[in-house]
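**Student:**
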Amino acid sequence: MAANGSIRSSVKVQWEEEGEDEINDFRDLIQKGIRELEPSILDPRHEGTADDWIERNSSMVRHTGKHPFNSEPPINRLTHYGFITPVPLHFVRSRGAVPKATWNDWTVEVCGLVKRPTKFTMDQLSNEFGFREFPATIVCAGNRRKEQNTVKQTIGFNWGAAVVATSVWGGVPLRDVLNRCGIFSRKNGAVNVCFEGAEDLAGGGGCKYGTSIKVEFAMDPARDIILAYRQNGEELAADHGFPVRMIMPGFIGGKMVKWLKRIIVTTKESESYYYLMDNKVFPSHVDAELADKEGWWYKSEYVINEYNINSVITTPGHNEILPIMPCRTRSSYILRGYAYSGGGKKVTRVEVTMDGGEKWDMCMLDHPAKPNKFGKYWCWCLWSLEVEVSKLLNAKEIAVRAWDETNNTQPEKLIWNLMGLMNNCWFRVRTKICKPDKGETGIIFEHPTIPGNQSGGWMKNSASTPSINTASTASTTYSLSEVKKHNTRQSAWIIVHGHVYDCTQFIKHHPGGVDSILSHAGTDCTEVFDAIHSGKAKKMLENYRIGDVRGECESDGGGCPAEGEDGHVDGQEGEIESSVRG
Numbered sequence: 008m009a010a011n012g013s014i015r016s017s018v019k020v021q022w023e024e025e026g027e028d029e030i031n032d033f034r035d036l037i038q039k040g041i042r043e044l045e046p047s048i049l050d051p052r053h054e055g056t057a058d059d060w061i062e063r064n065s066s067m068v069r070h071t072g073k074h075p076f077n078s079e080p081p082i083n084r085l086t087h088y089g090f091i092t093p094v095p096l097h098f099v100r101s102r103g104a105v106p107k108a109t110w111n112d113w114t115v116e117v118c119g120l121v122k123r124p125t126k127f128t129m130d131q132l133s134n135e136f137g138f139r140e141f142p143a144t145i146v147c148a149g150n151r152r153k154e155q156n157t158v159k160q161t162i163g164f165n166w167g168a169a170v171v172a173t174s175v176w177g178g179v180p181l182r183d184v185l186n187r188c189g190i191f192s193r194k195n196g197a198v199n200v201c202f203e204g205a206e207d208l209a210g211g212g213g214c215k216y217g218t219s220i221k222v223e224f225a226m227d228p229a230r231d232i233i234l235a236y237r238q239n240g241e242e243l244a245a246d247h248g249f250p251v252r253m254i255m256p257g258f259i260g261g262k263m264v265k266w267l268k269r270i271i272v273t274t275k276e277s278e279s280y281y282y283l284m285d286n287k288v289f290p291s292h293v294d295a296e297l298a299d300k301e302g303w304w305y306k307s308e309y310v311i312n313e314y315n316i317n318s319v320i321t322t323p324g325h326n327e328i329l330p331i332m333p334c335r336t337r338s339s340y341i342l343r344g345y346a347y348s349g350g351g352k353k354v355t356r357v358e359v360t361m362d363g364g365e366k367w368d369m370c371m372l373d374h375p376a377k378p379n380k381f382g383k384y385w386c387w388c389l390w391s392l393e394v395e396v397s398k399l400l401n402a403k404e405i406a407v408r409a410w411d412e413t414n415n416t417q418p419e420k421l422i423w424n425l426m427g428l429m430n431n432c433w434f435r436v437r438t439k440i441c442k443p444d445k446g447e448t449g450i451i452f453e454h455p456t457i458p459g460n461q462s463g464g465w466m467k468n469s470a471s472t473p474s475i476n477t478a479s480t481a482s483t484t485y486s487l488s489e490v491k492k493h494n495t496r497q498s499a500w501i502i503v504h505g506h507v508y509d510c511t512q513f514i515k516h517h518p519g520g521v522d523s524i525l526s527h528a529g530t531d532c533t534e535v536f537d538a539i540h541s542g543k544a545k546k547m548l549e550n551y552r553i554g555d556v557r558g559e560c561e562s563d564g565g566g567c568p569a570e571g572e573d574g575h576v577d578g579q580e581g582e583i584e585s586s587v588r589g
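Numbering (the numbering used here), first residue to last: 8 to 589.
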């Protein structure tokens with residue numbers, strides 16, 4: 008939703024006159040994205056959902072069907088525009104409907120262990136406090152999760168390697184807001200600062216999205232934690248938290264609450280369902296059953312704060328073919344990618360190996376963002392390496408790893424965990440010799456996975472959850488036109504693998520809320536259902552089967568009946584457990 012005229016005017020003035028401000032350092036890149044990127048659209052797939060008013064880029068890879076909207080850009084587009092990510096290509100992580108917010112009506116409440124509890128309007132936040140603006144990289148803790156899912160199914164959907172983005176963020180320092188409200192000292196109980204969004208979510212029987220950080224983080228000027236209301240020189244987009252959100256550089260995206268409504272200073276950590284049941288890395292032996300039985304969800308030592316070190320190869324792309332002619336074997340090819348490390352640590356080197364780690368070549372690093380005055384680096388770097396084509400011909404695999412200023416580096420092998428988070432093993436691209444056209448030789452490059460429910464990648468999916476039982480349990484058949492009529496709360500049918508399910512009685516129990524079923528009622532949602540549901544959920548679905556589809560059933564991949572939040576809900580009879588996390 009648009010800000011008022013005075014805010015728009017101030018944005019323009021700052022853009023043109025700030026001079027030394029970081030926004031101008033990246034002005035050309037931001038303008039390149041605005042100028043070259045195709046317009047966002049009202050996607051027909053949004054029809055019938057609570058988000059049908061939001062324009063989005065049509066190239067984004069969807070992970071949870073029609074609703075809620077969770078997406079990442081194709082990896083070849085991620086770094087195409089350079090160091091700054093165009094807003095429409097910034098990954099989106101949402102657990103429910105986007106609030107329809109207005110600047111003039113929005114308030115942020117600061118309460119709890121403060122002397123002066125206050126509700127701030129957006130005009131107060133933008134006019135009464137100092138303004139900070141700087142580039143920062145946001146990383147979802149689930150970046151590269153699909154690699155883990157191919158080894159063994161986690162309880163999260165198939166994020167690829169493009170769940171990372173860099174923007175110039177602007178807003179109000181959190182410590183200034185807390186000081187204005189008179190935050191108590193730690194000895195008087197102020198140990199944690201909790202953040203709460205505006206969404207009405209279904210998790211835990213109904214709650215807001217929330218998280219928390221230690222007060223030392225919140226009050227540290229070196230951390231640059233802000234209440235952000237600008238992204239790349241403009242007001243926030245709806246998907247990214249308009250009118251205000253938290254930005255915590257160096258922390259995982261799950262800490263950066265969008266559509267911020269409340270800041271609560273407390274002694275205890277957040278008690279939000281989503282803080283307790285998400286964004287944790289457990290030891291590899293902990294599966295869902297053990298986590299529930301032994302209470303692993305409530306162990307705070309497994310909470311993720313800062314993201315870890317990581318690097319990815321973006322060029323060559325998946326299935327890219329490099330034609331090889333005798334005259335080209337002495338020519339060169341440029342490998343490219345990105346690398347980042349959390350907590351403000353600078354990436355100091357990136358290395359590539361083409362012989363399984365026996366020998367490593369140092370890459371060129373592009374670090375256009377300056378450190379803050381405390382020496383913190385909040386952004387990714389882009390790397391490149393020029394290699395001889397003859398070396399690529401002899402290589403069976405290209406792998407990359409990064410190092411940071413504390414000499415952290417990436418593990419060689421994948422370390423599986425229940426939620427599929429923080430995957431940072433060497434990123435490997437495999438090569439094969441092929442003859443694509445007219446008999447000439449070429450090198451084809453293969454990434455480990457393709458995001459979402461797309462097939463492809465050299466990793467073999469040995470951990471697919473069990474398919475739905477296709478043995479006939481119902482003799483009744485229905486035409487597609489008949490199923491399409493059942494798209495209301497009073498009668499909600501869906502199709503999965505050619506079978507018809509009546510989910511009407513399950514609507515009120517679904518962990519993702521009513522819209523998660525109604526937005527897909529009357530449709531074939533096989534593709535997405537398979538992508539984001541556990542074996543347990545698939546077995547439970549059989550309780551609602553009423554028949555089969557008459558004739559050919561074509562899935563449009565447009566949605567599923569049980570997309571849910573990052574839900575982890577147990578103990579409800581007949582419940583479909585959502586596997587959508589992080």
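All C-beta atoms in this analysis are idealised placements derived from N, C-alpha and C, irrespective of residue type, glycine included.
Quantities reported herein were computed from a predicted structural model and do not represent experimental measurements.
Taking the continuous alpha helix (DSSP H) assigned at residue 84, which residues delimit it?
**Tutor:** 82-85
**Student:** On the three-state DSSP scale, how would you describe residue 294?
**Tutor:** If DSSP states are grouped into helix, strand and coil, residue 294 belongs with coil.
**Student:** Report, in whole angstroms, the separation of the C-beta atoms of residue 260 and residue 184, which I expect to be a contact under 8 Å.
**Tutor:** Contact doesn't hold; Cβ gap of about 21 Å is too wide.
**Student:** Ignoring anything shorter than 3 residues or poking outside the stretch 162-222, list the beta strand (DSSP E) runs there in chain order.
**Tutor:** 171-180, 199-204, 217-221
**Student:** Would you grab the beta carbon distance between residue 161 and residue 427 for me? Rounded to a whole angstrom, and I think it's under 8 Å.
**Tutor:** 3 Å
**Student:** Where DSSP assigns a beta bridge to residue 288, which residues make up the other side?
**Tutor:** BP columns for residue 288 are empty, so no partner.
**Student:** May I ask which residues mark the beginning and end of the beta strand (DSSP E) holding residue 280?
**Tutor:** Not the beta strand (DSSP E): residue 280 falls in the alpha helix (DSSP H), residues 280-283.
**Student:** Identify, in the order they occur along the chain, each residue of the same chain with its Cβ nearer than 6 Å to the Cβ of residue 255, setting aside the five sequence neighbours on each side.
**Tutor:** Counting only Cβ-Cβ distances below 6 Å, and skipping sequence neighbours, we find 232, 262, 263.
**Student:** How is the alpha helix (DSSP H) around residue 154 delimited, first residue to last?
**Tutor:** Residues 152-158.
**Student:** Assuming residue 319 contacts residue 344 (C-beta within less than 8 Å), just tell me the rounded distance between them.
**Tutor:** 5 Å
**Student:** Look up residue 88 in the DSSP assignment and say whether it is helix, strand or coil.
**Tutor:** It is coil, neither helix nor strand.
**Student:** Quick one: measure Cβ to Cβ for residue 430 and residue 151, integer angstroms, because I've assumed they're closer than 8 Å.
**Tutor:** 4 Å
**Student:** Can you tell me whether residue 229 is buried or exposed? The criterion is at least 16 other CB atoms within 10 Å of its CB, across all chains shown.
**Tutor:** Here residue 229 is exposed. Its C-beta has fewer than 16 other C-beta atoms within 10 Å.
**Student:** Is residue 354 a contact residue of the ligand PLP, with contact defined as CB to any heavy atom under 8 Å?
**Tutor:** Absent from the structure shown: the ligand PLP. Ligands present: none.
**Student:** Counting C-beta neighbours from all protein chains within 10 Å, is the total for residue 111 16 or more, i.e. buried, or is it exposed?
**Tutor:** That one is exposed.
**Student:** Let me confirm a value: residue 290 is counted as buried when at least 16 other C-beta atoms fall within 10 Å, else exposed. Which label applies?
**Tutor:** exposed
**Student:** Could you tell me whether the Cβ atoms of residue 363 and residue 406 are closer together than 9 Å?
**Tutor:** Going by C-beta atoms, residue 363 is nearer than 9 Å to residue 406.
**Student:** Is residue 513 closer than 9 Å to residue 485 when the C-beta atoms are compared?
**Tutor:** no
**Student:** To the nearest angstrom, how far is the alpha carbon of residue 555 from that of residue 487?
**Tutor:** 10 Å
**Student:** So, helix, strand or coil for residue 403, using DSSP?
**Tutor:** coil
**Student:** With the cut-off set at 9 Å, would you say residue 491 and residue 498 are in Cβ contact?
**Tutor:** no
**Student:** According to DSSP, is residue 136 helix, strand or coil?
**Tutor:** coil
**Student:** Quick one: Cα of residue 53 to Cα of residue 74, how far?
**Tutor:** 8 Å
**Student:** If you reduce the DSSP assignment to three classes, tell me which class residue 329 lands in.
**Tutor:** strand
**Student:** Return the CA-CA distance between residue 340 and residue 326, expressed in angstroms with no decimal places.
**Tutor:** 16 Å
**Student:** Run through DSSP, which three-state label would residue 511 get?
**Tutor:** helix
**Student:** In angstroms with no decimal places, state the Cα-to-Cα distance between residue 463 and residue 129.
**Tutor:** Distance between the alpha carbons of residue 463 and residue 129 is about 46 Å.
**Student:** Below 7 Å CB to CB, which residues in the same chain sit around residue 155 once its five sequence neighbours on both sides are set aside?
**Tutor:** 161, 421, 423, 427, 430
**Student:** Skipping 5 residues on each side, what residues in its chain have a beta carbon closer than 6 Å to that of residue 374?
**Tutor:** For residue 374, the CB contacts under 6 Å within the same chain, skipping 5 residues up- and downstream, are 388 in chain order.
**Student:** Would you kindly work out how many angstroms separate the C-alpha atoms of residue 142 and residue 337, rounded to a whole number?
**Tutor:** Here the C-alpha atom of residue 142 lies approximately 40 Å from the C-alpha atom of residue 337.
**Student:** May I ask you to report which of helix, strand or coil DSSP gives residue 224?
**Tutor:** helix
**Student:** On a CA-only basis, which of 557, 108, 132, 103 is nearest residue 117? Give me that one, please.
**Tutor:** 132
**Student:** What is the DSSP secondary structure of residue 371, reduced to helix, strand or coil?
**Tutor:** strand
**Student:** Taking a contact to mean a Cβ-Cβ separation below 9 Å, would you say residue 195 touches residue 94 in this structure?
**Tutor:** No.
**Student:** Just to confirm before moving on: does the CB-CB distance between residue 139 and residue 180 stay below 9 Å?
**Tutor:** yes
**Student:** Mark residue 475 as exposed unless 16 or more other C-beta atoms lie within 10 angstroms of its C-beta, in which case mark it buried.
**Tutor:** Confidence at residue 475 is low in this model, with a pLDDT of 38, below 50, so the placement of that residue is unreliable and no value is reported for it.
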